[in-house]
Structure formats: structure tokens, C-alpha cells
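Trainee:
Residue numbers (UniProt numbering), protein chains in the order written: chain A, 1 to 310; chain B, 1 to 310.
1) Comparing alpha-carbon positions, which option in A:290, A:273, A:271 lies nearest residue 280 of chain A?
2) If distances are taken between C-alpha atoms only, which option among A:250, A:78, A:20 comes closest to residue 53 of chain A?
3) Please report the straight-line C-alpha distance between residue 254 of chain B and residue 70 of chain A, rounded to a whole angstrom.
4) Could you give the residue range of the alpha helix (DSSP H) that holds residue 209 of chain B?
5) Shorter than 9 angstroms from the beta carbon of residue 29 of chain B to some beta carbon of chain A?
6) Please report the distance separating the alpha-carbon of residue 311 of chain A from that of residue 149 of chain A.
7) Run the CB neighbour count on residue 360 of chain A, radius 10 Å, all protein chains shown included, and call it buried at 16 or more, exposed below.
8) Name, going along the chain, the residues of the segment 240-269 of chain B whose beta-carbon falls closer than 8 angstroms to a beta-carbon of chain A.
9) Rounded to whole angstroms, what is the Cα-Cα separation between residue 208 of chain B and residue 295 of chain A?
10) For the segment 166-217 of chain B, list the beta strand (DSSP E) runs that are entirely contained and at least 3 residues long, ordered along the chain.
11) Name the DSSP beta bridge partners of residue 25 of chain B, please?
12) Would the segment 57-72 of chain B and the segment 29-37 of chain B be scored as touching if the rule is three or more Cβ pairs under 8 angstroms?
13) For residue 314 of chain B, collect the residues of the same chain with a Cβ closer than 8 angstroms to its Cβ; drop the 5 residues on either side in sequence, then sort them by chain order.
14) Which value, in whole angstroms, describes the spacing of the CA atoms of residue 87 of chain A and residue 125 of chain A?
15) So, under 8 angstroms CB-CB, residue 99 of chain B and residue 68 of chain B are touching, yes? Tell me the CB distance rounded to an integer number of Å.
16) What residue does the beta strand (DSSP E) around residue 132 of chain A start on, and which one ends it?
17) Roughly how many whole angstroms lie between the Cα atoms of residue 141 of chain B and residue 129 of chain B?
18) Have a look at A:180, A:97, A:106 and flag the residue whose alpha-carbon is nearest the alpha-carbon of residue 116 of chain A.
19) Looking at the C-beta of residue 200 of chain A, does it have a partner C-beta in chain B at a distance below 9 angstroms?
20) Give a yes or no on contact between the segment 75-83 of chain A and the segment 4-12 of chain A, applying the rule of three or more CB pairs nearer than 8 angstroms.
21) Are the segment 33-45 of chain B and the segment 177-188 of chain B in contact at 8 angstroms, needing three or more beta carbon pairs?
22) Taking the alpha-carbon positions, what's the residue 146 of chain B to residue 211 of chain A distance?
23) My assumption, with CB atoms under 8 angstroms, is that residue 231 of chain A sits in contact with residue 286 of chain A. Please give the rounded CB distance.
24) Which residue comes first and which comes last in the alpha helix (DSSP H) that contains residue 295 of chain B?
25) With DSSP run on the structure shown, which of helix, strand or coil describes residue 101 of chain B?
26) Report the partner residues of residue 255 of chain A according to the DSSP bridge assignment.
27) Quick one: Cα of residue 103 of chain A to Cα of residue 127 of chain A, how far?
28) Output the boundary residues of the beta strand (DSSP E) element that contains residue 126 of chain B.
29) Pick from A:237, A:309, A:101, A:109: whose alpha carbon is nearest that of residue 174 of chain A?
30) Which residues mark the beginning and the end of the alpha helix (DSSP H) in which residue 277 of chain B is found?
31) Cβ atoms of residue 143 of chain A and residue 266 of chain A: under 9 angstroms apart, would you say?
32) From which residue to which residue does the beta strand (DSSP E) around residue 39 of chain A run?
33) How about residue 195 of chain A: is its C-beta nearer than 9 angstroms to some C-beta of chain B?
34) Buried or exposed, going by whether 16 or more other CB atoms sit within 10 Å of the CB of residue 261 of chain B?
35) So, with DSSP's three-state summary, where would you put residue 93 of chain B?
36) Using a Cβ-Cβ cutoff of 8 angstroms, what residues of the segment 162-177 of chain A are near chain B? List them in chain order.
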């Protein structure tokens, strides 16, 4: 079974390393030339929960995948705004039974992926594994997961089983989600509050909990997300989700969320359009207003412009 | 005619100085002990549009106004959150015909003032004079106004005429507002966008114009304010107000608005509850939602808490 990791930055190379160490035939693919060059030349140096590993995993830049290469399972791990380009690059390497796995943050990636494979071959999910990239070829993977996965349509269930087995053998701690859409929307609540607010207020997750007013911001964003989630048949209780989020912020207190790291530390564009922006857009499609989520997305974009983020 | 300036910080002492220089019997009053002590000891040092003045204007801290003192005209120039306390301190110094002048930023200060004098004796307005306080006893006044004033009720017109004459003699450039409520709401649009956004994004007014997304934030806040303004019979066109605001930001480009100076430079609490917060609250009283203004108010409060502002 040939596995490709399409998007082998921080989290992608982490998953790739875990799979490779179990003996899977893994190929890393990434659009960022320095990362591809470094791994091709000197392998992947990865710290997995404090343990150092040096792995010679095959790697291609997305523009140089061998013409005849076909993959059976493709894990998508790009930044949300790079997904379209990556799908274009890998489309000729998909065969009739290729399974596409997407546990990326954000809403409705499956709409894009469904242009390339039918819905039954898309395994969608969310994960709480976290990762970072120190320099090209040097990354780390932290946590214990889980990876929650599920099928978009009933016929996709066997493919979920296949991916579950792969992830389980690789100790990536898979769970079969009892309600895939609910798992996705709960993760949107996490990212739509913590990522956006820590980036705007330039603070740690614990700082949100310390402020009565920041907690009101968390609540208001959550309330709108919960309303829009109903269009996917997901019925969350805003108070319950809010309490879950506050509890989560306590647990990961000193951490700066990934969006903060992208924009404030590294001056990179954020995924805000796929989180709060996507909530507002999906809401608008169904006549459910989410003005605060749209405002938050524009606020983060204003900060990107202010900082000339790329 | 005895005139008191109730709230003699930056702008109040500026108005006081202009009146005093025309020979008016002016008394400065302020709640901040260092300011009162400095002016009592060594007079007011004030820079008026680049000219230095040293004026021995009588000054009292608000707790030590002589018991029998009565004032004919009282200009209110406190921070919005200090207005209630100041009114308590000066109430025994108001006589049956005292005129109260309020050109402070923010909505509905007249509701508080009307607990002390009837509406006909309140002269309400807005001003574009700007001022600053370098240290106790040392301030500056900049600009050329105008001060737009008007009556809340028809019977108040003679009092507007009286205040107009005083301001005109003192070269404070008064205008009689053709539509007082409209003037107030236009100023709310200015403060609700420029002050709030420059404080959240920590930027200059010109920076708002440079960003497509910051301009969207300006537009959205304005749109909600215009909707709420209808409860006061004020009908503004959101596009026209938006163009006026963008034009204004261009003109005063390098300037940091007063709220930015309060919170970011001086770690002081802001007047946000009397601007965006007041818009949301007044809207709620009349079943007009203004979620973005409420969110902006909570965001500024979260920043106040983060910075332990006082």
C-alpha cells in the first residue's frame, strides 16, 4: 500500500514519520521548496514527544512527483489556502480507489476534495495532535491525539475502517467519530475562538480565561457558530460548548495557538477564511447571520495587512 | 457671570484658559488631586496651538469647592465614567438658572445631567478641539474647533444663545448645530470607528485607511450605529458617513486617537462603554441589534483587563 502525505510541513511530516516507522511505504510531498530540498538531502529530523528521530523518508516537491506514481491513501495536510493547488498537483497520482484523508482544521474542505474523488473515498476528521517546524527538515510532533475520523456517506465506512487500521498500527490513536459533523463543528468552535482571539489580542490561551470580557468574546463567537452549525444538522448547546472551551483553555494555558504563531511570530497569512470566515459564509448561504465571525475574520485580515504577512 | 469648568484635564483646562484670557470669571475643578495641587501651586501652563501661556486660574479639587460657591455656567469636561461623581460634587453649587454645557464624547450624558437641572438648561454639543495633558498643571490645546452646540428642547434656545456668545468671545469657534442629534451621532460614528479600531489594532488613523479589511471594519461598525441612530430620529446614510470617516482619517492621518492614548500609552480605562457600548445598549432598548458594537466594546474591555488599566 502506497501512502502519500500531501503537505508535509509540521503536522504532515509528523504523521508521515509515525507511519514510516511502522514500515508503511510513505512518500512526503510538500509545496515549500526548502522543506523538500532539506529532507531529500538529509532526511527528516523529528522530535516525537521528546524523542529524537532521523528518518530517510522519500520526499518530493509537489511539482516533481514522478509521472507514473499512484498512491492508495493520501493524507492531506496543507494549510487550508494551499489545498486547491496541492489537489491540482496530485490529481494525476490518484487511482480509482485512492482514499483521501483530510483532518485539516476548517470547514467544507470536502467540497474541494470531491472535485477529485467521490465522497465515499473521502475520510474526514479532526485531530488534536500538535506539531511545529523549527527549520526546513526539522520538525516536532507532540501530544497523543486522538485523530477522530468518519465517513461523509454510508458507503465510505469501509474506507474509514482501512484508515483506522493504518492509524492504529502507527500509534496515532484513531477514534471513529460517532458524529463526524459534530466533531468538525466542535473543532471549529475551538479554533474560531482560541485562534482568532489570541491572535487579535496577542495573548496566550490562559489569558482569555483570566478576563471576564474575553470570555464574553468567546461566548458570542461560539453562539454564532452553534447557530450556523445547524445547517449541517449539528445541534450543539452554546453553554456546554462554552464551558468545554474554557476548560480546554485552562488545560493548555501557556500555549500560543497556531494562528498566533503563524501571524504574530512568523508573519504568515492565517487560515481565518476557513474558520470564522467560513462560518460567516456558510451562514450567509443559509440566511443565518454571523456578523461577529465575519468581523473577526476581517480583523485578523486587517492585522495581516498591517504586518505585511505573506 | 461665574463660570466653572467641571473636569479640568486636557480639554477642560484648554476651554478654561481660553475663557479666562477673555476676562471671564473662571474656576477650574477636577477630581484628580495632582492636577488640582499643581495648578493651585503654580498656575496652569498651557500651550495653545504652539503659543505658551502661564495663567493663574483659580482651581479646586472636586472635594473642596467652597460651600457657598454658585456658578452660572458649568462646562462639563470629565471622562464619561467620572461624570456621575462630578455631578454629585457640583450639585450644591448649581442655582435655579445655572446652565450646564456638555460637549463630551459619548451618548446620552443628558440623561444623567437631567437629574440635576431641567432639560432646557442643558446645552449639548460636540467639539473637534483636541487637547493633551503632559503632566499635572501642563497641558496643550490644538485645532480651531468648531464647538457645535444646540438645545435639547425648544425652551433651551436662549441658553444656547448665551453659551454661543461666551464661546465666540473666547474665540472657541462656536456653531449652532442645525440638527443637534445628528451632530452627536456623527461624532459617535467617528469615535466608534477610529477610537475603537486604532485601540484594538494599535495603529494610527491613516493605517485604517491603508487596509481594505480595516475599512470593512469601519463600514460595519458605522452601519450598525446608523441603524441605532434612528431611535433618536437621526437618519444618516451609511455610505455617506463611511466616506466622510475615510476622508477624515486621511486628514488626521498620523494622529493616534484619544482612546489609544488613554489605553495603550497611559494604561487608563477607556470611554468605550459610552461610545460603542452605549450604541449597543441603546439599540437593545429599542430592539435594534448591534452585535459588532457590543463585541468591539468587550474587546476593548478585554484589552483593559489584559493591561490592568486603571
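Every residue, glycine too, gets a C-beta built ideally from N, C-alpha and C.
Mentor: According to the structure data:
1) A:290
2) A:20
3) 57 angstroms
4) 205-210
5) no
6) Because chain A is modelled from 1 through 310, residue 311 of chain A falls outside the range shown and cannot be assessed.
7) Here chain A covers residues 1 to 310 and nothing more, so residue 360 of chain A does not appear.
8) none
9) Per the coordinates, the alpha-carbon of residue 208 of chain B lies some 15 angstroms from the alpha-carbon of residue 295 of chain A.
10) Runs found: 174-176.
11) B:2
12) yes
13) Since the displayed chain B opens at 1 and closes at 310, residue 314 of chain B lies outside it and no answer follows.
14) About 18 angstroms.
15) Actually they do not touch by this definition, with Cβ atoms about 20 angstroms apart.
16) 130-135
17) 7 angstroms
18) That would be A:97, whose Cα lies nearest to the Cα of residue 116 of chain A.
19) yes
20) yes
21) no
22) 40 angstroms
23) 5 angstroms
24) 291-306
25) Strand at residue 101 of chain B.
26) DSSP lists no beta-bridge partner residue for residue 255 of chain A.
27) Approximately 6 angstroms between the Cα atoms of the pair.
28) For residue 126 of chain B, the enclosing beta strand (DSSP E) has its first and last residue at 122-127.
29) A:101
30) 276-285
31) no
32) Unbroken run through residue 39 of chain A is the alpha helix (DSSP H), 33-42; no beta strand (DSSP E).
33) no
34) Classification of residue 261 of chain B: buried, given that the 10 Å Cβ count is 16 or more.
35) Per DSSP, reduced to three states, the secondary structure at residue 93 of chain B is helical.
36) The residues in question: there are none.
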